[in-house]
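Asks: Below is a structure I'd like to ask you about.
Residue numbers (the numbering used here), protein chains in the order written: chain S, 1 to 99; chain C, 1 to 550.
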């Protein structure tokens with residue numbers, strides 16, 4: 001199969017993730033959509049590595065996974081604290097700071 | 001067929017003749033500023049784990065200050081050793097550049113962070129709780145605001161001394177960010193300095209809901225923007241087959257040995273280059289708070305603990321613009337006819353939106369946030385100059401601006417009422433009558449923001465606009481001057497409010513700070529005036545530092 005198809009898949013996943021961030025209202029779901037975007041990046045890296053015949057992209061994918069894991073740690077901590085204060089993880093409820 | 005064979009040869013060849021993997025050559029001495037800061041951050045975590053609670057605050061403060069000062073000494077030593085000019089090169093297998101702009105920005109970040117640490121450690125502004133001094137940070141970040149656990153933590157005199165290691169980790173990332181010489185290092189450095197900042201934003205002692213909300217917003221939007229940056233990195237990697245800055249610049253410039261013909265579909269594909277470059281730029285413009293990626297700035301600046309806001313506003317901007325400059329001047333100079341019009345547009349919109357929306361603000365911290373957006377626009381005007389003068393003027397502006405910002409936010413921490421900091425502008429009415437010194441100090445910072453002569457703001461703006469005009473961006477300079485005039489209106493309005501209106505009965509009081517905050521503010525004023533009255537030495541310094549290594 002033509003590896004370029006995987007690039008289209010990566011772009012599609014990235015778009016789904018980005019649209020999810022903009023549309024969804026629950027902070028956890030938004031965060032999952034961000035993770036989807038990061039994984040789409042990983043797919044693109046690995047596909048490009050296959051196309052170029054070098055290993056840089058595959059190594060970068062590992063770095064991305066580690067960074068994503070670190071982001072989960074910090075992100076979930078923040079979301080859980082605000083959930084415990086407000087009993088809601090909806091980003092629409094977070095409206096104390098306004099123009 | 002042939003490219004599949006070449007890929008598989010990566011494995012089959014190594015099976016035939018097992019080779020030793022060559023160990024990377026790392027120049028530890030040249031990376032010492034970053035290593036010192038990150039090492040001290042790890043030590044700080046150990047201090048949290050093993051020292052009794054009582055002694056953590058002084059030990060952390062000492063450790064942080066010593067580490068930042070030692071790292072600054074290392075930067076000065078490297079610069080004196082000629083790494084800023086003649087010996088500039090890419091260290092650590094081409095991952096981190098050691099050159100003039102990197103050293104200048106690292107020095108600035110370290111000094112600003114050192115001053116920010118003083119405001120972090122301030123413990124005299126709030127009245128002592130249960131006989132123990134308290135700082136600006138939550139007694140226990142995990143406790144529910146107003147809940148039982150929080151009351152217990154306050155009664156037991158807990159303080160979140162983890163803020164010091166968090167600050168050091170953030171500084172470590174910021175030191176690498178403007179020096180990153182490949183896109184992977186750029187991305188990792190971005191995350192290393194962003195993640196501690198998200199946590200720091202959530203740790204205010206007063207108004208904790210606001211603080212947590214700002215952290216959620218900053219985190220979600222920050223993660224969103226870094227995902228865009230990463231996808232841009234992926235596309236640029238697909239375009240060039242490498243993530244090193246010089247490698248990509250070679251492919252962009254068209255001077256690269258011919259590659260495998262089957263790769264012609266991806267390598268040198270301009271769509272990948274343009275989209276990838278735009279996405280990476282987007283991630284960086286988000287970090288510096290340029291319009292249209294500025295929406296997080298006012299909310300986060302208002303909600304975060306004020307010492308953190310000051311640190312973030314000053315140091316993040318320095319690091320972000322450093323990375324932006326390197327990307328545009330080292331990776332994409334061959335593409336400048338494509339990115340210059342875009343950056344023109346971004347600079348114009350940023351200056352105007354920042355200045356105009358700031359006029360309507362009623363909260364001091366939000367006002368300063370929009371003012372920082374407008375300043376991002378002024379700095380972008382220097383960035384689009386695409387000349388060595390442009391680089392050095394931006395470097396100078398960043399150094400001058402960061403100290404003014406830090407000083408201004410330090411003054412904001414002093415004006416307090418029963419609910420903590422009194423940030424609503426109406427409460428600042430008549431402050432100049434009640435405490436002339438505080439109001440006069442704040443007025444100095446506001447005048448520097450406005451760019452009045454004899455302050456660093458004027459020298460910085462003059463340098464940036466001069467470089468922009470010489471770089472052929474005349475209209476940009478006109479817009480810049482107009483928005484400076486709009487901005488001057490609201491800065492002067494605050495000064496008038498402070499000095500020429502009657503103080504309110506139930507107005508806020510000005511807390512008497514410890515020597516820590518006093519010295520932070522005094523350093524801010526001193527730098528503002530010195531850079532305003534005698535900028536030439538520092539302009540020369542920035543001028544010498546204005547050449548990127550390729």
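Using N, Cα and C, we set each Cβ at its ideal position, and we do this for glycine too.
Quick check: the stretch 133 to 147 of chain C against the stretch 96 to 112 of chain C, are at least 3 beta-carbon pairs closer than 8 Å?
Replies: no
Asks: Can you find at least 3 beta carbon pairs, one from the stretch 508 to 527 of chain C and one from the stretch 115 to 134 of chain C, that sit closer than 8 Å?
Replies: Contact between the stretch 508 to 527 of chain C and the stretch 115 to 134 of chain C is present, because at least three Cβ pairs lie under 8 Å.
Asks: Tell me which same chain residues have a C-beta within less than 8 Å of the C-beta of residue 151 (chain C), skipping the five on either side of it?
Replies: none
Asks: Whose C-alpha, out of C:523, C:83 and C:428, is nearest the C-alpha of residue 552 (chain C)?
Replies: In this structure chain C extends from 1 to 550, so residue 552 (chain C) is not present and cannot be described.
Asks: Within 10 angstroms of its Cβ, does residue 178 (chain C) collect 16 or more other Cβ (buried), or is it exposed?
Replies: buried
Asks: Please specify which runs of the alpha helix (DSSP H), each continuous and at least 4 residues long, are wholly inside the stretch 336 to 414 of chain C, giving them in chain order.
Replies: With a minimum length of 4 residues, the continuous alpha helix (DSSP H) runs that stay inside the stretch 336 to 414 of chain C are 336 to 359, 364 to 383 and 388 to 414.
Asks: Please report the distance separating the alpha-carbon of residue 530 (chain C) from that of residue 539 (chain C).
Replies: 12 Å
Asks: For the beta strand (DSSP E) that residue 142 (chain C) lies in, which residues bound it at each end?
Replies: First-last for residue 142 (chain C): undefined, no H or E at that position.
Asks: Locate the beta strand (DSSP E) running through residue 424 (chain C), then write down its first and last residues.
Replies: That residue, residue 424 (chain C), is in no beta strand (DSSP E); it is neither H nor E in DSSP.
Asks: Under 8 Å: do the stretch 345 to 360 of chain C and the stretch 376 to 388 of chain C share three or more Cβ pairs, one atom per stretch?
Replies: yes
Asks: For the stretch 58 to 73 of chain S, enumerate the residues whose C-beta is nearer than 7 Å to any C-beta of chain C, in chain order.
Replies: 60, 63, 64, 67, 70 and 71
Asks: Would you say residue 1 (chain C) reaches chain S, if we count a Cβ-Cβ gap shorter than 8 Å as a contact?
Replies: With a pLDDT of 40 at residue 1 (chain C), under the threshold of 50, the modelled position of that residue is not reliable, and the figure given next carries that caveat. No, its Cβ sits nowhere closer than 8 Å to a Cβ of chain S.
Asks: Spell out whether any CB of chain C is found under 8 Å from the CB atom of residue 8 (chain S).
Replies: Interface with chain C (8 Å Cβ-Cβ cutoff): residue 8 (chain S) is excluded.
Asks: Reducing DSSP to helix, strand and coil, say where residue 57 (chain C) ends up.
Replies: It is helical.
Asks: Skipping 5 residues on each side, what residues in its chain have a beta carbon closer than 6 Å to that of residue 165 (chain C)?
Replies: Excluding sequence neighbours, residue 165 (chain C) sits near 41, 44 and 45.
Asks: Verify the CB distance criterion: does residue 20 (chain S) have a CB-CB separation below 8 Å to chain C?
Replies: no
Asks: Name, please, each residue of chain C whose Cβ falls closer than 7 Å to the Cβ of residue 54 (chain S).
Replies: Correct list: 241.
Asks: List, in chain order, every chain C residue whose beta-carbon is nearer than 7 Å to that of residue 90 (chain S).
Replies: Neighbours of residue 90 (chain S) on chain C: none; closest Cβ ~11 Å, over 7 Å.
Asks: Which residue from C:277, C:207 and C:500 puts its Cα closest to that of residue 231 (chain C)?
Replies: Answer by Cα proximity: C:277.
Asks: Considering only heavy atoms of the ligand FMN, does any lie closer than 7 Å to the CB of residue 217 (chain C)?
Replies: Questions concerning the ligand FMN fall outside what the structure shown contains, since it holds no ligand whatsoever.
Asks: Leaving out five residues before and five after residue 205 (chain C) in sequence, what residues of the same chain have Cβ atoms less than 8 Å from its Cβ?
Replies: Excluding sequence neighbours, residue 205 (chain C) sits near 126, 134, 135, 136, 137, 138, 139, 305 and 420.
Asks: So which of C:550, C:23, C:528 and C:524 has the shortest CA-CA distance to residue 311 (chain C)?
Replies: C:524
Asks: Quick one: what's got a C-beta closer than 6 Å to residue 180 (chain C)'s C-beta in the same chain, skipping five residues either side?
Replies: 186 and 189
Asks: For the structure I just gave you, are there three or more beta carbon pairs, one from the stretch 192 to 204 of chain C and one from the stretch 64 to 76 of chain C, closer than 8 Å?
Replies: no
Asks: On the three-pair Cβ rule with 8 Å, is the stretch 430 to 443 of chain C touching the stretch 485 to 500 of chain C?
Replies: yes
Asks: Just the chain S side, please: which residues come within less than 9 Å of residue 199 (chain C) by C-beta, in chain order?
Replies: 74, 77 and 78
Asks: I'd like the list of long-range same chain contacts for residue 226 (chain C), defined as Cβ closer than 8 Å, with 5 residues on each side in sequence excluded.
Replies: Counting only Cβ-Cβ distances below 8 Å, and skipping sequence neighbours, we find 187, 190, 191, 194 and 283.
Asks: Given this structure, state the Cα-to-Cα distance separating residue 202 (chain C) from residue 87 (chain C), to the nearest angstrom.
Replies: 42 Å
Asks: For residue 12 (chain S) and residue 4 (chain S), what's the separation of their Cα atoms in angstroms?
Replies: Just so you know, the alpha carbons of residue 12 (chain S) and residue 4 (chain S) end up roughly 13 Å apart.
Asks: Threshold first: 4 residues or longer. Then list the alpha helix (DSSP H) segments lying entirely within the stretch 470 to 531 of chain C, N to C.
Replies: 474 to 500
Asks: Whole angstroms is fine: what's the gap from residue 37 (chain S)'s alpha carbon to residue 20 (chain S)'s?
Replies: 10 Å
Asks: Kindly say whether residue 367 (chain C), judged by its beta-carbon, lies nearer than 8 Å to any beta-carbon of chain S.
Replies: no
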